[in-house]
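Last residue of the sequence shown? That's 220 in the working numbering, and every number before it is there in order. Report on the following structure.
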Amino acid sequence: MRKLINSTYITLDGVIDNPMWTAPYFDDEASAFAGEQTDNADALLMGRATYDGFSAAWPNMDESDPTTGAAYFNSVKKYVASTTLTNPTWRNSEVLQGDLVEAVTALKASEGKNILQYGFGSVTKQLIAAGLVDEVRFWIHPVLVGGDSVTTPLGDISTTFELLDTRVHKSGVIIASYRCAASSERR
34 MRKLINSTYI TLDGVIDNPM WTAPYFDDEA SAFAGEQTDN ADALLMGRAT
84 YDGFSAAWPN MDESDPTTGA AYFNSVKKYV ASTTLTNPTW RNSEVLQGDL
134 VEAVTALKAS EGKNILQYGF GSVTKQLIAA GLVDEVRFWI HPVLVGGDSV
184 TTPLGDISTT FELLDTRVHK SGVIIASYRC AASSERR
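This is the structure we're talking about:
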């Protein structure tokens, strides 16, 4: 069975939205880890907001430059969980039909490598609750965004995690990888 791995950038104060603050920290170590993730995944799963952001950015990047990752992101199979998107225009994209949990269960049962998911929103929360997310990787950045708009996007889900790995980069980024308790209980 394929693994579903969520990879999320987060600040010290819990912000995950609009991660432009990650750019100064995307060095050789971060690039190598990101490459490991994509090397081991032959599909992406995303919600509508992530799809909209990615599909606006990746197709405009130079696929001939191996440092951008554009060749991978533009060619990899993409599954979008959305009830409003009907005709995705980004190459190799497909909107999941029907019940999200059933659709992702079928994806995980199909042949292939890992399924990679970026961001942490309602899709991830539903899949964690259903025990379908095998691993979460939080890229904790040494940044405080602050302000009145700071919310806790992870705060309305209740589950426990088992630590799998921790990587500390010279830049100060910590990648904490966890197995979801609900996923490990199903094994």
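Glycine included, C-beta positions come from ideal geometry on N, C-alpha and C.
Using the rule of at least 16 other Cβ atoms within 10 Å of the residue's Cβ for burial, across every protein chain shown, is residue i buried or exposed?
| i | result |
| --- | --- |
| D167 | buried |
| S88 | buried |
| T157 | buried |
| L177 | exposed |
| Q150 | buried |
| N107 | buried |
| P99 | exposed |
By Cβ distance below 8 angstroms, which residues in the same chain neighbour residue i in space, the five residues on each side in sequence not counted?
| i | result |
| --- | --- |
| V134 | Q159, L160, A163, L165 |
| M34 | K141, A142 |
| G179 | D46 |
| W123 | Y84, F87, S88, W91, P92, N107, K111 |
Taking only beta-carbon atoms, is residue i less than 7 angstroms away from chain C?
| i | result |
| --- | --- |
| L140 | This model lacks chain C altogether; it includes just one protein chain. |
Quick one, are the C-beta atoms of residue i and residue j less than 7 angstroms apart?
| i | j | result |
| --- | --- | --- |
| N125 | I38 | no |
| R212 | E195 | yes |
| G152 | T71 | no |
| T44 | H174 | yes |
| G154 | G80 | yes |
| L77 | V109 | yes |
| A209 | T193 | no |
| D75 | G145 | yes |
In chain order, what residues of the same chain lie with their CB nearer than 7 angstroms to the CB of residue i, ignoring the 5 residues before and after it?
| i | result |
| --- | --- |
| T138 | L165 |
Give a yes or no on contact between the segment 198-205 and the segment 60-73, applying the rule of three or more CB pairs nearer than 8 angstroms. yes
Jot down the residue ranges of each uninterrupted alpha helix (DSSP H) in the segment 90-159, minimum 4 residues, whole runs only, in chain order. 103-108, 133-142
Spell out a yes or no on whether the segment 96-104 and the segment 115-129 are touching, meaning 3 or more CB-CB pairs, one atom from each, closer than 8 angstroms. no
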